[in-house]
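Q: I am attaching a structure below and will ask some questions about it afterwards.
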Amino acid sequence: MNTSSPHPTGFAGRLAQAFVNSKLTPLGIVASLLLGFLAIVLLPREEEPQIKVPMIDVLVTMPGATPKEVEERLTIPMEKLLYELPGVEYIYSTSMSGQSLLVVRFFVGENLETSLVRLNQKLATNFDRIPHTVQMPLIKPHTIDDVPIMALTFHGMNYDHSTLRRMAAQVDDAIKSINEVAETKLIGGTRRQLTVRFDPLLLASRNLTVNELAPKIQAVNSQSHSGSLKSLNREIQLQTGTFLQSAEEIGRIVVGVYGGKPVYLHEVAEIVDGPEEPDNYVLYGERGLNDPEAAVTLSIAKRPGANAVSVVEDVLKKVDSLKGSLIPSDLTVSVTRDYGATASEKSNELLLHMGIAVFGVALLILFFLGWRESIVVMLAIPSTLALTLLVFYLYGYTLNRITLFALIFSIGILVDDAIVVVENIVRHLRLPGNSGRPHVQVAIEAVAEVGNPTILATWAVIAAILPMAFVGGLMGPYMRPIPIGSSAAMLFSLIIAFTVTPWAATHILKKPKAGNSQDHGHDEYEKTPDDWFTRIYHKIMEPLLAHGAWRAVFFAVITALLLGACSMVYLGLVKVKMLPFDNKSEFQVILNMPEGSTLEQTARAALEMADVVRRDPAVTDYQIYVGTASPYNFNGLVRHYFMRSGPTVADIQVNLLPKHARSLQSHDIATRIRPPLAQIAARYGAAVAVAEVPPGPPVLQTLVAEIYGPTAEARTGLAGEVKRILAGTTGVVDVDWFQEAERNRKILTVDKEKAALNGISEKQITRAIEIAMQGYSLDLYHQPNDKENVNIVLELPREYRARIESILNISLRSETDPAAPLVPLRELANVSEQQVEQPIYRKNLKPVIYVTGDVADVVESPVYAIFEMNEKLARLDGRDFGGREEHVKIYNLNQPFSEIEPAMKWDGEWHITLEVFRDLGLAFCVVMVLIYMLMVGWFKNYITPLVVMAAIPFSLIGILPAHWGFGAFFTATSMIGFMAGAGIVVRNSIILVDFIELRIRQGEPLAKAVVDAGAIRFRPMLLTALAVVIGASVILADPIFQGLAISLMFGEIASLLVSRMAVPVLYFVIKKHEHRHHELAEPQADSAN
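Residues in the sequence shown are numbered consecutively from 41, following our numbering.
Structural data, given as structure tokens:
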């Protein structure tokens, strides 16, 4: 007979009692749903989470200085100053001829405005240290909000680059008026320009110099208000001068007098009102289009916090309204980037998956408990998700794939509390002793019975998940919505399980039939289920408890399974990677021609590569950017692709068919297209890289080797060897290094004595050559109807700029003596050649050379390529590169402390991989400590918590073989799934152990209590496991979160099957001596031992 006292109500029981009949309970449900709906409406939609990484570029010029002098006079002093700023994580610098570029990158989450103010103050208060010849620095901040969310490409067979630019500028002006549109940028095309092309021989024949032309043109292009005339009680404004209005008017400017006659500008120069000389080409092509068309691209960014979907919709509406007016019918405007559409598509897809998961869990409860019970459990899901969405809104998150994945991930675990409570209420209602008792009282007792262990189990899950929020680096904010959202969902689900669920159960579940009982809820002992699965369970468990040898075999088998699963990583059956490749609808081809290549040669190579791209059946369209950068993404922001310009660079932006319209993932397409592109690049001596949109935080390149050493020669030599090793490693592609091809420059050396005797200064000579070679913007050509500035530019005709002899034909005279004779440059300067110096790269105040590469075709994880290359690097002799030690040191997470010895550091994806798995490992240690402390506080001893936690590694028995079976990498998301699963596993163990101890307190023998726990509590454990499986199954097809789904699904299944027996048996082994007098079968167990 049961002698235990009725269940104490406890916190859960009191909470249930307060809300079970309250009128506020249904209002709370409605309020939570309304708050969730409001959060969905207000949350901005984006595809990717907004990772705040302030980056500030500091560009300083020092005309004429060599890279070494720039490094010593500019770069190093500024690095030292800026490295003092709080919040600075990295300083990357490049010292080039005549200028220094510093990229100051702050820690993730630092405030951009605060960082910018600190940097400006630091430079302004210390600029006295910089040489006086240096110009003021140009400071440009960058954040993820600068990344364009949309790109419109204007093209048409009947339009040239100049006309396209002018029409696109008008559309740009109209789009800027849209609310929430931030920076817009026109890429490609040629601006209108009034060009004055002087002929040096004609100038000399009229006794004129090029330096004399500029001030005379500027002098007549003047208009100003000169006051007013006051007469007869009227005030009339007075204007002096008029702006130049036409090329003919400019041609009639008198620039000198020769032979007593005026010399007009058109006599010594050609004046052209037309497009500027192109320094870039932008072309648009499609799969079915043989020859690409001239194009101009307009990139559009949004304001911080704006909804990408609504901004894109507004832009498209504006473009449609301009068709027929600013946009002619034969001009095509193609949307070549639409992150609003991808954000909407991803959001809708994930919301659908969320609905499927909810529906699947509902069917699960319906099958196991019934339709009424299913309704009760389902009430918890929308309320919990709605409140979690509210938390996302209050935290300032956006509705992106990470936050939505966090919600889907939560579905499987947030129903746990409701399932446990409902299952226990149903169990209590079905007990014979509760027939005829008040429905409300039975529900309260059922909630009170499982309340404390449910609270403990919920906190155990939160303790397993929440430490992941403290992962550092770029990966931290990327994954942070998962632990924050899941923890919030668990807390809300716990509150709802104790308030809403009992209320719903009393109103929806069938009331127990009337009967006679004074037992208040219990027979002597609750009967265990009588099904075939339970009978098998009894046949296994009873011998295990009775025979020590069987228990030894049982634990040996489990240990062997665990070791075998873990060995799959060591044997290479399960590969490790930071994140798997995502399936995007775009990628880029990055082309770097040898230094010295012309714009036309680069365009030729890019067109050949574009022809390969065009023939791929998965490609819809492509854009070629020669001499300029394409609209950049977050990857391009970190890699500074937006600074790519000049005749040796080209980008090809490739857009693919939608994911549902092609069989291959974007990475497979990029892999397929890479070999023919590499062959073309090899013919031109160029370097090509296929840049895919990274699945997580971007890095400089997948493989990055940072080379350090005592001298530039040592670094260059070691970098060359590392480059050779990378190129010779199977599966390593796109190998390049940050060294320019050797080339010479022409040097005009002025004969200072001869120049001085002729009254000509070097400054005059330099200015004349700069005007001739680079052009000189004299003034603004005032054309109010043009949307972009139209400049008056003085320059030498292009054909003259091709030969040094034509430059030497330029004549100059003394500025102090207008009557002095003209002197040709050939008489004042000598021509020689000199090798161009290499740029000097530095990182965190240390000189460095970067060697980069990617992985493809074999094991597409840098981990294994690095392991293979480390063996080859170990054979290098450090003494060959200026060192005193035999081996070249290899670093992973930190830079070398000193540059005295040659060394190499692996960066790129490897660095983030180590950081993330290190932080996740530390977080897991914190998880274990927190869970153990919770268990100790609950069970009041140090041993039982170890029994509960023993089930955690059992999940690896399912996780690792499942990764092998799916052919999936074990990634950071897999680790997150394992850690989250640890909380769920502990939850199930708590349910088992707590039930065992409950039965023991009721007077049941230890062995029977142990067996009954696995039999009676198996159903809620199974329901919990299946809910997790169903919730995670909808993200199984996602390439990034597949690892998380596999870990949750198969880890939960394995742990359920193993821990159902292992935890009770282990508890029995530890506790049997304490309960010897209760254990009826103990003599048999002793004889077996």
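Virtual Cβ for every residue (Gly too), placed ideally from N, Cα, C.
1. So the candidates are Thr154, Asn166, Val1109; which of them puts its Cα closest to the Cα of Phe595?
2. Can you tell me the Cα-Cα spacing of Thr438 and Gly76, whole angstroms?
3. So Ile415 and Ile451 are in contact, right, with Cβ under 8 Å, and what is the actual spacing, rounded?
4. Figure out for me which residue from Ile484, Arg113, Ser706 has the closest Cα to the Cα of Ala731.
5. Relative to the C-alpha of Arg575, which residue among Ala1055, Asn825, Gly364 is closest?
6. Tell me the DSSP bridge mates of Thr193?
7. Which of the three DSSP states is assigned to Ser703 in this structure?
8. Using a Cβ-Cβ cutoff of less than 6 Å, which residues in the same chain neighbour Val614 once the five nearest sequence positions on both sides are dropped?
9. State the Cα-Cα distance for the pair Pro671 and Leu371, rounded to the nearest angstrom.
10. Is there at least one Cβ from chain B nearer than 8 Å to Gly516's Cβ?
11. Could you tell me the alpha carbon to alpha carbon distance between Leu404 and Ile1093, rounded to whole angstroms?
12. Exposed or buried, His700, counting other C-beta atoms within 10 Å across all chains shown (16 or more means buried)?
13. Return the chain-ordered list of same chain residues with a C-beta closer than 7 Å to the C-beta of Ile983, the five sequence neighbours on each side being excluded.
14. Is Gly53 buried or exposed, if buried means 16 or more other CB atoms sit within 10 Å of its CB?
15. In this structure, how does DSSP classify His182 when only helix, strand and coil are distinguished?
16. Please list, in chain order, all residues of the same chain as Ala458 whose beta carbon is under 6 Å from its beta carbon, the five residues on each side excluded.
17. Helix, strand or coil for Val694 per DSSP?
18. So Ala222 packs on Leu338, CB below 8 Å; how close in whole Å?
19. Whose CA, out of His195, Thr203, Gln814, Gln57, lies closest to the CA of Pro1141?
20. Ordered along the chain, which non-local residues of its own chain (more than five positions away) have a Cβ less than 6 Å from that of Asp559?
21. Could you check if Val1105 is buried or exposed, using at least 16 other CB atoms within 10 Å of its CB as the buried criterion?
22. Can you check which of these residues, Ile276, Lys794, Leu366, Ile170, is closest to Val863 by C-alpha distance?
23. Note down, in chain order, each residue of its chain lying with its Cβ closer than 7 Å to the Cβ of Glu828, except the 5 sequence neighbours on either side.
24. Which residue's Cα is closest to the Cα of Leu234: Ile276, Arg702, Leu818, Val128?
25. Between Ile850 and Ala808, how many whole angstroms is the CB-CB distance? I'm expecting something under 8 Å.
26. Does the beta-carbon of Thr498 have 16 or more other beta-carbons within 10 angstroms, so that it is buried, or is it exposed?
27. When you compare only the Cα positions, how much space is there between Asp774 and Ile832?
28. I'd like to check one pair, Tyr665 with Val694: are the Cβ atoms closer than 8 Å?
29. Is the CB-CB distance between Ala335 and Asp313 below 8 Å?
30. Assign Asp894 to buried or exposed, taking buried as 16 or more other Cβ atoms, counted over all protein chains shown, within 10 Å of its Cβ.
31. For the alpha helix (DSSP H) that Glu925 lies in, which residues bound it at each end?
32. Express the C-alpha separation of Leu141 and Thr599 in angstroms, rounding to a whole number.
33. Measuring CA to CA, which of Arg237, Ser245, Leu329, Val250 is closest to Ile311?
34. How many Å lie between Leu697 and Leu836 at the Cα?
35. Please classify His265: does DSSP put it in a helix, a strand, or coil?
36. Use the C-beta contact count for Asp331: other C-beta atoms within 10 angstroms, 16 or more gives buried, fewer gives exposed.
A: Based on what the coordinates show:
1. Counting from one through the sequence shown, the residue named residue 595 turns up at place 555. Comparing Cα-Cα distances from Phe595 to each of Thr154, Asn166, Val1109, the minimum goes to Val1109.
2. The sequence position of residue 438 within the sequence shown is 398, counting from 1. The sequence position of residue 76 within the sequence shown is 36, counting from 1. For Thr438 and Gly76, the distance between alpha carbons rounds to 14 Å.
3. Taking the sequence shown and counting its residues from 1, one reaches residue 415 at position 375. Taking the sequence shown and counting its residues from 1, one reaches residue 451 at position 411. About 17 Å separates the two Cβ atoms, so there is no contact after all.
4. The residue labelled residue 731 in the question sits at position 691 within the sequence shown. In terms of CA proximity to Ala731, Ser706 leads the group Ile484, Arg113, Ser706.
5. Your numbering for residue 575 matches position 535 in the sequence shown. Selected option, being the one with the closest Cα: Ala1055.
6. Position 153 of the sequence shown, counted from the start, is the residue given in the question as residue 193. Paired residue(s): Thr337, Ser374.
7. Position 663 of the sequence shown, counted from the start, is the residue given in the question as residue 703. Ser703 falls in the coil class under three-state DSSP.
8. Here residue 614 refers to the residue found at position 574 of the sequence shown. The residues are Met608, Leu1000, His1003, Trp1004, Phe1010.
9. As a working mapping, residue 671 is identified with position 631 in the sequence shown. As a working mapping, residue 371 is identified with position 331 in the sequence shown. Approximately 21 Å, taken between the alpha carbons.
10. In the displayed structure, chain B is absent; only one protein chain is listed.
11. As a working note, residue 404 is residue 364 in the sequence shown. As a working note, residue 1093 is residue 1053 in the sequence shown. Roughly 16 Å separates the two Cα atoms.
12. In the sequence shown, residue 700 corresponds to position 660, counting from 1. Exposed: under 16 other Cβ atoms inside 10 Å.
13. Here residue 983 refers to the residue found at position 943 when the sequence shown is read from its first residue. So the list reads Ile1110, once near-sequence residues are dropped.
14. As a position in the sequence shown, residue 53 is number 13, starting the count at 1. Per the 10 Å Cβ criterion, buried.
15. As a working mapping, residue 182 is identified with position 142 in the sequence shown. Strand, per DSSP.
16. By one-based count along the sequence shown, residue 458 stands at place 418. Once the five neighbours on either side are set aside, the close Cβ partners of Ala458 are Val417, Ala420, Ala537, Thr541.
17. Locating residue 694 in the sequence shown gives position 654, counting from the first residue. Strand at Val694.
18. Counting from one through the sequence shown, the residue named residue 222 turns up at place 182. Counting from one through the sequence shown, the residue named residue 338 turns up at place 298. With 8 Å as the limit, Ala222 and Leu338 do not qualify as a contact, their Cβ atoms being about 13 Å apart.
19. Residue numbering for the chain in the displayed model covers 41 to 1129; residue 1141 lies beyond these limits and cannot be assessed.
20. Taking the first residue of the sequence shown as 1, we reach residue 559 at position 519. Low per-residue confidence applies at Asp559: pLDDT is 43, beneath 50, and the placement is therefore not dependable, though the value from the model is reported in the following sentence. Within the same chain, Asp559 has close Cβ partners Gly473.
21. Stepping through the sequence shown from its first residue, residue 1105 is reached at position 1065. Under the 10 Å beta carbon count, Val1105 is surrounded by 16 or more other beta carbons and is classified as buried.
22. Residue numbering aside, residue 863 sits at position 823 when the sequence shown is read from its first letter. Cα-wise, what sits closest to Val863 is Lys794.
23. Within the sequence shown, numbered from 1, the residue matching residue 828 stands at position 788. So the list reads Ala209, Arg231, once near-sequence residues are dropped.
24. Position 194 of the sequence shown, counted from the start, is the residue given in the question as residue 234. Cα-wise, what sits closest to Leu234 is Leu818.
25. One-based indexing of the sequence shown puts residue 850 at position 810. One-based indexing of the sequence shown puts residue 808 at position 768. Correct: roughly 6 Å between the Cβ atoms.
26. Position 458 of the sequence shown, counted from the first residue, corresponds to residue 498. Flag for Thr498 reads buried.
27. Along the sequence shown, read from residue 1 onward, the residue named residue 774 stands at position 734. Along the sequence shown, read from residue 1 onward, the residue named residue 832 stands at position 792. Rounded to whole angstroms, Asp774 to Ile832 spans 43 Å at the Cα level.
28. Taking the first residue of the sequence shown as position 1, residue 694 is located at position 654. Taking the first residue of the sequence shown as position 1, residue 665 is located at position 625. No. Outside cutoff.
29. Stepping through the sequence shown from its first residue, residue 335 is reached at position 295. Stepping through the sequence shown from its first residue, residue 313 is reached at position 273. No; because the gap between Cβ atoms is not below 8 Å, this pair is not in contact.
30. Start at 1 with the first residue of the sequence shown, and residue 894 comes out as number 854. By the neighbour-count rule (16 or more Cβ atoms within 10 Å), Asp894 is buried.
31. Residue mapping note: residue 925 aligns to position 885 of the sequence shown, counting from 1. Glu925 -> no alpha helix (DSSP H), and no H or E assigned at all.
32. To locate residue 599, count along the sequence shown from 1; it is residue 559. To locate residue 141, count along the sequence shown from 1; it is residue 101. The alpha-carbon atoms of Thr599 and Leu141 are separated by roughly 57 Å.
33. Locating residue 311 in the sequence shown gives position 271, counting from the first residue. Measuring from the Cα of Ile311, the nearest candidate turns out to be Arg237.
34. Counting from 1 along the sequence shown, the entry for residue 697 is found at position 657. Counting from 1 along the sequence shown, the entry for residue 836 is found at position 796. Between the C-alpha atoms of Leu697 and Leu836 there is a straight-line separation of about 47 Å.
35. Position 225 of the sequence shown holds residue 265. Three-state DSSP puts His265 in a strand.
36. On the sequence shown, position 291 is the one that residue 331 refers to. Answer is exposed; the Cβ neighbour count stays below 16.
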